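If you're matching positions, the first sequence starts at 1 in the UniProt record's numbering and goes up one per residue.
Read through the structure below, which is laid out as structure tokens, and then see the notes.
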Amino acid sequence: MANQDRKALPLFPISVVTDLTELSARQVRYYEDKGLVMPVRSKGNRRLFSFYDVDRLLEIKELIDQGVNLAGIKQVLKVKTEQQEQNNQKEPVPEETEKMSEKDLHKMLRRELMESGYMNQSSLVKGELSRFYH
DNA sequence: TTTCTAACA
DNA sequence: TGTTAGGA
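Next comes the structure, spelled out in structure tokens:
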């Protein structure tokens with residue numbers, strides 16, 4: 001089983017999440033209501049969070065005290081999710097460097113840029129995202 | 001005992 | 001956001 005799947009496994013109740021994130025249960029539930037996280041429900045209508053959910057909530061926490069509102073956070077998470085989906089369908093890198101076509105080389109470079117963080121939060125925060133600040 | 005929803009001195 | 005009522 002891939003690590004990606006493990007991180008997506010719905011495992012812990014809200015109590016664990018509040019411990020890990022320092023967020024109140026009220027906040028966690030509120031953020032779910034706003035679509036920032038979507039934990040699975042289980043026996044007795046109880047929320048089950050995955051590692052991914054916890055990671056997202058930690059990012060949400062950071063953005064909150066950075067002064068970003070829910071609309072802005074939603075934008076960031078949207079991008080994050082899109083990037084993650086791209087990583088899931090990432091194609092294997094060609095074995096031999098000599099046989100690497102120019103096309104593959106460009107794919108690699110583009111991927112390096114994306115994963116090095118060039119097109120993530122930093123640039124977002126400085127640019128488009130600025131209008132979501134107070 | 002823990003978590004859930006809904007609502008507000 | 002906190003807190004609480006009333007159930008499951």
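Glycine included, C-beta positions come from ideal geometry on N, C-alpha and C.
This structure is a prediction, so every number in the text was calculated from the model and none was measured.
Under 8 Å, do P13 and S50 count as touching if we go by C-beta distance?
no
Roughly how many angstroms lie between the CA atoms of Q89 and Q83, to the nearest whole one?
10 Å
Proximity of V7 and Y52 at Cβ, strictly below 8 Å:
The identity of residue 7 in the sequence shown is Lys, whereas the question assumes Val. Cβ atoms of K7 and Y52: closer than 8 Å.
Buried or exposed by the 16-neighbour rule on C-beta atoms within 10 Å, applied to Y133:
exposed
Using 8 Å for Cβ pairs, my map puts E77 next to R56. What's the rounded Cβ distance?
It should be noted that the sequence gives Leu, not Glu, for residue 77. That belief holds up - the Cβ atoms of L77 and R56 are roughly 6 Å apart, short of 8 Å.
In chain order, what are the residue ranges of uninterrupted alpha helix (DSSP H) at least 4 long that sit wholly in the UniProt domain "HTH merR-type" (11-79)?
14-21, 25-33 and 51-65
Proximal residues to L63 (C-beta, below 6 Å), its chain only, five neighbours per side dropped
I73
Suppose the cutoff is 8 Å on Cβ atoms and the five residues either side in sequence are ignored; what does the same chain contact list for G35 look like?
K74
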